[in-house]
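Per our numbering, residue 1 is the first one in the sequence shown, and the count goes up by one each step.
A quick write-up on the structure given underneath.
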Amino acid sequence: MSLNWFKKNSVEDERIVNLKNKLYKEVYTLIMIICSISVIIKSFALPRTESVWLEMLIMLGGSLYFGIRSVALGIYSDEVEVHDQRSKVSFNKRNVLWCFAIGFILALYCGIRSAILYGNNNSATEIKHFIIVFFATLIINVPLFVIVSSVIHYSANKVSQKMSQNDPFDS
């Protein structure tokens with residue numbers, strides 16, 4: 001005897017399922033934006049980083065879960081294939097461009113935060129702190145992001161292709 005007391009045996013309308021999925025995507029995006037804004041505000045307002053651990057856990061946990069599940073279900077490789085067919089820019093190039101953009105934004109953030117916190121209200125010192133931290137962050141993080149992103153993409157794509165081939169529902 002199975003315990004399917006709460007399950008419905010009816011078929012759901014595809015339109016409703018798609019609208020629900022769109023809504024879930026919007027909620028996920030909203031949560032990520034709110035957590036990001038909270039991290040930025042707290043990092044400027046508070047000198048210690050312990051206050052942003054919850055937001056970082058929410059953002060990283062949600063992203064990791066989504067990534068792992070999409071690879072495990074074989075969706076990731078299908079998404080890459082569809083993207084490469086539809087777009088002029090390949091998925092790999094798009095990832096590298098995003099790494100550069102995120103690295104640049106992170107470098108700006110770190111440079112501005114350093115200038116504000118350690119500039120001692122002296123414009124020459126603030127500019128010096130900004131330039132040093134900005135370029136150091138840029139030089140360190142962009143190559144790191146590109147390498148890590150490329151390795152993760154390559155590995156995830158291979159595993160996802162393997163999972164997709166083993167899918168019993170795919171005929």
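Heads up, the beta-carbon is just placed ideally off N, CA and C, and yes, glycines get one too.
The model shown is predicted, which means the values in this text are computed figures rather than measured ones.
Candidates the options, of which the one nearest residue i by Cα
i	options	result
Val-52	Leu-117, Lys-162 and Ile-41	Ile-41
Phe-44	Gly-103, Arg-113, Gly-74 and Ile-131	Arg-113
Val-159	Leu-57, Ser-77, Tyr-28 and Leu-46	Ser-77
Phe-91	Tyr-154, Leu-19, Gln-161 and Val-11	Tyr-154
Euclidean distance between Cα positions of residue i and residue j
i	j	result
Ser-171	Val-80	For Ser-171, the predicted structure reports a pLDDT of 49, less than 50, and the residue's modelled location is therefore unreliable. The matter cannot be settled from this model.
Ala-156	Ser-149	10 Å
Gly-67	Asn-120	43 Å
Ile-75	Asp-13	22 Å
Lys-22	Ile-37	23 Å
Tyr-109	Val-146	19 Å
Glu-50	Leu-117	17 Å
Ile-132	Arg-86	41 Å
Ala-124	Ala-136	18 Å
Leu-97	Val-89	10 Å
Met-1	Met-32	For Met-1, the pLDDT reaches just 46, beneath the cut-off of 50, and the residue's location in the model is therefore unreliable, although a value from the coordinates is still provided. The straight-line gap from Cα to Cα measures roughly 42 Å.
Phe-130	Val-11	58 Å
Cβ-based burial, residue i [other Cβ within 10 Å; buried from 16]
i	result
Val-17	exposed
Gly-61	exposed
Ser-63	exposed
Glu-126	buried
His-83	exposed
Ala-107	buried
Arg-69	exposed
Ala-115	buried
Distance between beta carbons of residue j and residue i, contact taken as under 8 Å
i	j	result
Glu-55	Val-39	5 Å
Cys-99	Val-142	6 Å
Leu-30	Met-163	30 Å between Cβ atoms; not a contact.
Leu-138	Phe-104	7 Å
Whole runs of the alpha helix (DSSP H) within the stretch 30-82, excluding any shorter than 4 residues:
DSSP runs (the alpha helix (DSSP H)) wholly in the stretch 30-82: 53-72.
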